[in-house]
Amino acid sequence: MLIDWPKLLAALVLLLVPVALFHGKRVVYRDVSRDWVGFWPRTFGLDLHYADLFRAVLGAWLISEALTRAPEVAGAMKYSSYAAQTAVFALALTLQTMICKEEDSAHAPFAFVSGLALGFVPPFIAGPALLLAILITFGTKVASIYFPVLAAAVSALGFPFTGKKHIFALLIVTITAGLPWLLTLLFPRHFVASLRAKPKIGEPEPPQR
């Protein structure tokens, strides 16, 4: 495995710092299983979601550049770079999910996992996969399935069209994208998403549900 240490260190900083550390008094949580009608402006109005998306895109790209396969290595060790990339993604998603300031809760990293897919998988696969996952999630009104559906969509759209060309990138995202959902099954907690604490001036207060 070849390691570009400056890129690796930058990627680790971007990916491993839990977003919950930046959740202050202006951020509140809402269970993803509840009705979100009226809460979307406050959700999309939270700047941290966009920062999460951007850092995940950049961090995923840096990991793909920092950990690469050594051409002269044979045997099982030739796959060590892919194993390391998978481990970094798994650790990053575990930290983003399980570290939450809401008691007995896990944070749903929708923007972060979307960014990982966009930064690691070719855009012509990641884009349609994200769109499909969003449509299915909204159609079923079960927000938590976004993660396993995205993992399945990456595989379903990627493998038939790219063959073996991007097989490891597709496998890594497929394995790790559903991890936030799986963690809430293994360690039962309320699955919550973050949003702005109060509506902006002139923005109506959503109904209580």
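According to the working numbering, the sequence shown holds residues 50 to 258 in order.
Virtual Cβ for every residue (Gly too), placed ideally from N, Cα, C.
In this text, all values refer to a predicted model and were calculated from it rather than measured experimentally.
The alpha helix (DSSP H) with residue i in it runs from where to where?
i: V162; result: 159–169
i: S113; result: 96–115
i: Y260; result: With the chain running from 50 to 258 in the structure shown, residue 260 is simply not present.
i: P229; result: 228–235
Starting from residue i, trace the beta strand (DSSP E) both ways and give me its first and last residue.
i: S154; result: 154–156
i: Y78; result: 76–80
Helix, strand or coil for residue i? Go by DSSP, reduced to three states.
i: S243; result: strand
i: I52; result: strand
i: F88; result: coil
i: I221; result: helix
Going by alpha carbons, who is nearest to residue i out of the options?
i: I192; options: M126, H239, A141, L102; result: The amino acid occupying residue 192 in the given sequence is Ala; Ile does not appear at that position. The residue with the shortest Cα to Cα distance from A192 is H239.
i: I221; options: A119, G168, L51, R79; result: G168
i: A178; options: F93, F217, A226; result: A226
i: A115; options: C149, Q134, K127; result: Q134
i: L181; options: Y195, V170, P172, K190; result: Y195
i: V170; options: A136, I112, T189; result: I112
Taking C-beta to C-beta, are residue i and residue j nearer than 9 angstroms?
i: P229; j: A157; result: yes
i: G176; j: A109; result: no
At what residue ranges does the region 170–214 contain a whole run of the alpha helix (DSSP H), taking only runs of 4 or more? 172–189, 195–211
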